[in-house]
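Residue numbers (this note's numbering): 680 to 1089.
Quick notes on the structure that follows.
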Ligand SMILES: Cc1ncc(COP(=O)(O)O)c(C=O)c1O
C-alpha cells in the first residue's frame, strides 16, 4: 500500500499539481512548510488544478474547531488517534489548537509524532505489538502501553528490561454494541481473564489504567455508560486500585443517513457515568480519531463517464472511498462544473464506480447530485478527513499524491 501521507510530506518526487500562482494571498507559511498550496475555496483549488488525478482537501479550520470542541468539553485528557489522519498538516493543526497527547500504533506513527513534536506524550494503545516496536517506542520515551493478555504484558516487561516507570492500560473486550463500525472480536481481555490480568499488571506497573473501544462511529451514547459499568465490574472483581480510565474513540460524525447527537451530550453522559460508577476521581482519557478530522477533509473526484445513473470516477474504494464501498456509507457530496458549485434544480441518486478494473470498486450510495451530472464535472466527497486518504492504495496505478488546503469553512 502506498503511504500517501509520507510521500506528500517528505518525498521530493511528490508533484504538486496546483499552480503556485493561483495560491490564495491568505496562504500561511505554516502550510507552505508542507508544500501544500492553499486556497480560499474549493472552486479556487479546482481552477488551479492541472493534473489528472483526484485531489485531497484539508480544511484546517474545521480540524481546529473539532479539536477545540474536545479540548473544551471532554471530561479528561484528549489523545488524538492519528491513524484516522496522520497528515502532518492535520497533526500540526491539532497541536496548534492544544492537543499534546497522541494514540499511536506503529513505529512509523511513533517516529512521525517524535519528528514533529518531541515533547508530545505518546500512548501505544495497540494491544499486540512486535518486540522491536516496544523496545524502540520505549527508547523514544513511550511509557503508556496497552495489553489484553499476559503474553503481551510479559513481552513489554522483557523488551523494556523490567522498566519500573510503565503505565499499563488493560484493554477490555466489550459485549457487542451497536456502533456503525463495530470493533469487537479482535482485541480485549474477557470478563473472565481481565481481573487476574489487572492484578498482575498492578504488580509491575507504576500506573495502571483500564481502556476499551466502544466501536467506531458509535452514535448510541448509552454504549459509553454500558462500557464504563462493565469496567467497574472488572475492577471490582480484581479488587485492585487503578489510576486511569480511557474511554477510547468511537465518537461519531453526522454522515447522511447517520444523524449523531451533539458531542456535548456524549461528554456530559460520560462524565455522569464515570461519577455514577465511582470512577470520578481517576484520570480520564479519550482517544478520538474520526471526530477530530472527518469534517476537516474531503476528496475532489472527477466524473470520467456517465452510464445512466452510474458515474465512473477517478477515485474509488481502493482509494479514499474505501468505506463508501466496503460499508456502503454515504458521504455528503456536491457538484462543481467549470469550477463553480451547481446546486438547486432536480437531483438524482447516483451510484459511483471507481477507476480500477475490479468489480468490488463500487460505491452504492445513492449519492444525490444534480440530475445533469456529466463527464468532466467534479464531485467533492465531504467528511472524508478520517479514514479516507490514509486508506488509499495504489492499486492499478490509480492514486493521488496531491493535497491542498482550503481555508473556508463551508
Ligand atoms: C485503540 C484505538 N483508539 C482510538 C481509535 C479511534 O477511533 P475513532 O476513530 O472511532 O474515534 C481506534 C480506532 O480504531 C483505536 O483502535
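All C-beta atoms in this analysis are idealised placements derived from N, C-alpha and C, irrespective of residue type, glycine included.
Checklist entry - For ligand 1, is there a heavy atom less than 7 Å away from the beta-carbon of residue 762? => result Yes, since a heavy atom of ligand 1 falls inside the 7 Å radius drawn around the Cβ of residue 762.
Item to check | For residue 817, the first and last residue of its enclosing alpha helix (DSSP H) | outcome: That run of the alpha helix (DSSP H) goes 810-818.
Item to check | Short Cβ contact (8 Å threshold) for residue 1058 with residue 1000 | outcome: No, they are not a contact pair.
Item to check | Given residue 913 as reference, the closest of 1068, 759, 960, 888 once Cα atoms are compared | outcome: Shortest Cα-Cα distance from residue 913 to any of 1068, 759, 960, 888 involves 888.
Checklist entry - In its own chain, which residues sit with a C-beta less than 6 Å from the C-beta of residue 706, not counting the 5 before and 5 after it? => result With a pLDDT of 37 at residue 706, under the threshold of 50, the modelled position of that residue is not reliable, and the figure given next carries that caveat. Result list for residue 706: 717, in chain order.
Item to check | Nearest-angstrom beta carbon gap, residue 965 and residue 755 [assumed within contact, 8 Å] | outcome: Rounded to whole angstroms, the Cβ separation of residue 755 and residue 965 is 6 Å, and the two are in contact under 8 Å.
Next on the checklist: One question on the structure: do residue 821 and residue 772 come within less than 8 Å of each other, judged by their Cβ atoms?
Outcome noted: In this structure, residue 821 keeps its C-beta atom at 8 Å or more from the C-beta atom of residue 772.
Checklist entry - Around the C-beta of residue 1080, are 16 or more other C-beta atoms found within 10 angstroms, so that it is buried, or is it exposed? => result Classification for residue 1080: buried.
Checklist entry - Are residue 846 and residue 827 touching if we call contact CB-CB under 8 Å? => result The Cβ atoms of residue 846 and residue 827 do not sit closer than 8 Å to each other.
Checklist entry - Since residue 825 and residue 806 are thought to touch, with beta carbons under 8 Å apart, how far apart are those beta carbons, to the nearest angstrom? => result Going by Cβ atoms, the distance from residue 825 to residue 806 rounds to 5 Å, so yes, they are a contact pair.
Checklist entry - Is DSSP giving residue 1078 helix, strand or coil here? => result Coil at residue 1078, not helix or strand.
Next on the checklist: Quick check: does the Cβ of residue 1105 come within less than 7 Å of any heavy atom belonging to ligand 1?
Outcome noted: Limits of the chain in this structure are 680 at one end and 1089 at the other, which puts residue 1105 out of reach.
Item to check | Residue ranges of each beta strand (DSSP E) within the region 896-974, 3 or longer | outcome: Those beta strand (DSSP E) runs which fall completely within the region 896-974 and span 3+ residues are 923-925, 962-965.
Checklist entry - From residue 776 to residue 767, what does the alpha carbon distance come to, in whole angstroms? => result Residue 776 and residue 767: Cα-Cα distance of roughly 14 Å.
Checklist entry - Of the residues 730, 1078, 837, 891, which one's Cα is nearest the Cα of residue 994? => result Per the Cα distances, 1078.
Item to check | Beta-ladder partner(s) of residue 771, from DSSP | outcome: Bridge partners of residue 771: none, in fact.
Checklist entry - Where does the unbroken beta strand (DSSP E) through residue 743 begin, and where does it stop? => result From DSSP, residue 743 is part of no beta strand (DSSP E) but of the alpha helix (DSSP H) over 739-752.
Checklist entry - In angstroms, rounded to a whole number, what distance separates the CA positions of residue 1048 and residue 982? => result Going by the C-alpha atoms only, they are around 12 Å apart.
Item to check | Contact belief for residue 1033 with residue 1025 at Cβ below 8 Å, rounded distance in angstroms | outcome: Taking the Cβ atoms as the reference, residue 1033 lies roughly 26 Å from residue 1025, outside the contact range of under 8 Å.
Next on the checklist: According to DSSP, is residue 735 part of a helix, a strand, or is it coil?
Outcome noted: Here residue 735 sits in strand by DSSP.
Item to check | Cβ-Cβ distance between residue 780 and residue 1064 below 8 Å | outcome: At least 8 Å separates the beta-carbon of residue 780 from that of residue 1064.
Item to check | residue 873, DSSP secondary structure in three states | outcome: Helix at residue 873.
Checklist entry - Under 8 Å between the Cβ atoms of residue 908 and residue 858? => result Contact: no.
Next on the checklist: Quick check: is any heavy atom of ligand 1 less than 7 Å from the C-beta of residue 966?
Outcome noted: Correct: residue 966 has its Cβ closer than 7 Å to ligand 1.
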